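Trainee:
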Amino acid sequence: MLIVNAVEKMRSLADQYRNTGKTIALVPTMGFLHEGHLSLIRRARSEADVLVTSIFVNPIQFGPNEDLDKYPKDLQRDIILAQDAGTDVLFVPVAKEVYPENFQTFVNVKELTRGLCGKTRPNHFEGVTTVVAKLFHIVKPHVAVFGQKDAQQALVIKRMIDDLCFDVRMFISPIVREDDGLALSSRNKYLTPEQRRRAGILYKSLCLAREMIKNGEKDVSVIKKCMKKEITAQQGKVDYIEIVLPDTLQPVGELTGNILIALAVYIGETRLIDNMLLHLSG
Ligand code: PAF
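Residue 429 in my numbering sits at position 185 of the sequence shown, and the numbers go up by one each step.
#1: Note down, in chain order, each residue of its chain lying with its Cβ closer than 6 angstroms to the Cβ of Arg-255, except the 5 sequence neighbours on either side.
#2: Are the CB atoms of Val-482 and Lys-472 nearer to each other than 7 angstroms?
#3: Distance check for Lys-448 and Arg-403, CA to CA, integer angstroms please.
#4: So, helix, strand or coil for Ser-430, using DSSP?
#5: Looking at C-alpha atoms only, which residue of Phe-350, Leu-282, Leu-521, Leu-246 is the closest neighbour of Leu-408?
#6: Within 6 angstroms: the Cβ of Val-375 and any heavy atom of the ligand PAF?
#7: List the endpoints of the continuous alpha helix (DSSP H) containing Thr-364.
#8: Flag this pair as yes or no: are the beta carbons of Ala-258 and Leu-295 separated by less than 7 angstroms?
#9: Any chance the CB of Lys-432 is under 6 angstroms from a heavy atom of the ligand PAF?
#10: Would you call the CB atoms of Arg-543 and Val-375 closer than 7 angstroms?
#11: Could you check if Asn-302 belongs to the surroundings of the ligand PAF, using beta carbon to heavy atom distance under 6 angstroms?
#12: Taking all protein chains shown into account, decide if Lys-363 is buried (16 or more other Cβ within 10 angstroms of its Cβ) or exposed.
#13: Any idea what DSSP makes of Pro-272, helix, strand or coil?
#14: Tell me, please, which residues DSSP counts as bridged to Lys-220.
#15: Just to confirm the assignment, what range does the beta strand (DSSP E) spanning Gly-391 have?
#16: Just verifying my parser: in three-state terms, what is the DSSP assignment at Asp-293?
#17: Just tell me which of Ile-416, Val-466, Gly-330, Val-301 has its CA closest to the CA of Gly-371.
#18: The alpha helix (DSSP H) that contains Leu-325, what's its start and end?
#19: Leaving aside the five residues before and after Pro-444 along the sequence, list all residues of the same chain whose C-beta is less than 7 angstroms from its C-beta, in chain order.
#20: Have a look at Thr-331, Arg-440, Asp-518 and flag the residue whose alpha-carbon is nearest the alpha-carbon of Gly-512.
#21: Cα separation between Val-248 and Thr-297?
#22: Can you tell me the Cβ-Cβ gap for Ile-485 and Leu-521, rounded? I've got them flagged as a contact below 8 angstroms.
#23: Within the present structure, is the beta-carbon of Met-274 separated from the nearest heavy atom of the ligand PAF by less than 6 angstroms?
#24: Three-state secondary structure (DSSP) at Ile-419?
#25: Exposed or buried, Ile-419, counting other C-beta atoms within 10 Å across all chains shown (16 or more means buried)?
#26: Using the three-state DSSP reduction, which class does Met-520 fall into: helix, strand or coil?
#27: Is the segment 272-280 in contact with the segment 306-317, if contact means three or more CB pairs nearer than 8 angstroms?
Okay, structure coming up:
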């Protein structure tokens, strides 16, 4: 596995691959890799000749009071994990090169970023789309793989790909969960053992919603209320619980067809997100 830090080097490598007829897959990450990332890497491995994994803790997608400074890092471990999962090129750029002095151009997907996580994290998605657009220009992938855990992020990036005519095919990989259902996330590392036990409530509340719908509950507000009650009983602080259409993220009128139940919850100081897609008949 090659490790590349310089943007120019990555660009010329990408050109070389393309000029010799090789297809490129990209898995963008912020490092501190876990089984969720590795499932994206393995998925990407099967989609192209050359697999590039990027590791970059993107400063512009963090708000002023968020966890940029303490975001977990372990590059040596990441190198081993990325290589074992099939990465050919590990692209680890430095912030000064990605955002040189006088950097002032941003990519903003307007509507899809307003609700859900966009409410609490106003500039977050602009930071994500800007860095992903840059990574697409530098790595020149034919294919990119993102995780369903960040459902809104995946939708926003898909919108950007279509709106800006990026010639990149996007795949979304399923959520990987711990035994109690907690979705894997680098931020789980912040949880104390006692908070970790309580964090299982995110998934449990999604399962509760699914069960209520299966048993005929039609009122979205009743479902959200019950989820909130369960979460609060585990001392979780709800940032949002929403039941939306998966394509537009608009609140559902009625519980039929495809729906996305999404939530963000603080367990202690740690903000965790999760979601569940349901395909309802009727
Ligand atoms: O999902 C993430 O880890 C990040 O938001 C991404 C897509 C790597 C952009 O920094």
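C-beta atoms are modelled at their ideal positions from N, C-alpha and C, and glycine is treated no differently.
Owing to the predicted nature of the structure, the values given are computational and were not obtained by experimental measurement.
Mentor: On the basis of the supplied data:
#1: Once the five neighbours on either side are set aside, the close Cβ partners of Arg-255 are Ile-382.
#2: Yes.
#3: Within the model, the alpha-carbon separation for Arg-403 versus Lys-448 is close to 30 angstroms.
#4: Ser-430 sits in a helix when the DSSP states are folded into three classes.
#5: Nearest neighbour of Leu-408 by Cα position, chosen from Phe-350, Leu-282, Leu-521, Leu-246, turns out to be Phe-350.
#6: Taking non-hydrogen atoms of the ligand PAF into account, the C-beta of Val-375 is found less than 6 angstroms away from one of them.
#7: Run containing Thr-364: 361-364, per the alpha helix (DSSP H) assignment.
#8: No, the pair does not count as a contact, with Cβ atoms beyond the cut-off.
#9: Looking at the sequence itself, residue 432 is Asn, so the reference to Lys does not match. With a cut-off of 6 angstroms, the C-beta of Asn-432 is classified as distant from the ligand PAF, since no heavy atom of the ligand falls inside that distance.
#10: Absent from the model: residue 543. The displayed extent of the chain is 245 to 526, so no value can be given.
#11: Closer than 6 angstroms to some heavy atom of the ligand PAF: that describes the Cβ of Asn-302.
#12: With fewer than 16 other Cβ atoms from the protein chains shown falling within 10 Å of its own Cβ, Lys-363 counts as exposed.
#13: In this structure, DSSP gives Pro-272 an extended state, which the three-state scheme calls strand.
#14: Because the chain in this structure spans residues 245 to 526, residue 220 falls outside the shown range and cannot be described.
#15: For Gly-391, the uninterrupted beta strand (DSSP E) segment begins and ends at 387-391.
#16: Note: Asp-293 maps to coil in three-state DSSP.
#17: Checking every option, the nearest Cα to that of Gly-371 belongs to Val-301.
#18: Element bounds for Leu-325: 319-328.
#19: A small correction: the amino acid at residue 444 is Gly; Pro does not occupy that position in the sequence shown. Non-local beta-carbon contacts of Gly-444 in its own chain, meaning distances under 7 angstroms to residues more than five positions away in sequence, involve Asp-424, Gly-425, Leu-426 in chain order.
#20: It is Arg-440.
#21: Near 10 angstroms, if we compare the C-alpha coordinates of Thr-297 and Val-248.
#22: That pair is no contact at about 15 angstroms.
#23: Correct: Met-274 has its Cβ closer than 6 angstroms to the ligand PAF.
#24: Coil at Ile-419, not helix or strand.
#25: Residue environment for Ile-419: buried (at least 16 other C-beta atoms within 10 angstroms of its C-beta).
#26: DSSP, read as helix, strand or coil, puts Met-520 in strand.
#27: Judged by Cβ distances under 8 angstroms, the segment 272-280 makes contact with the segment 306-317, as three or more pairs qualify.
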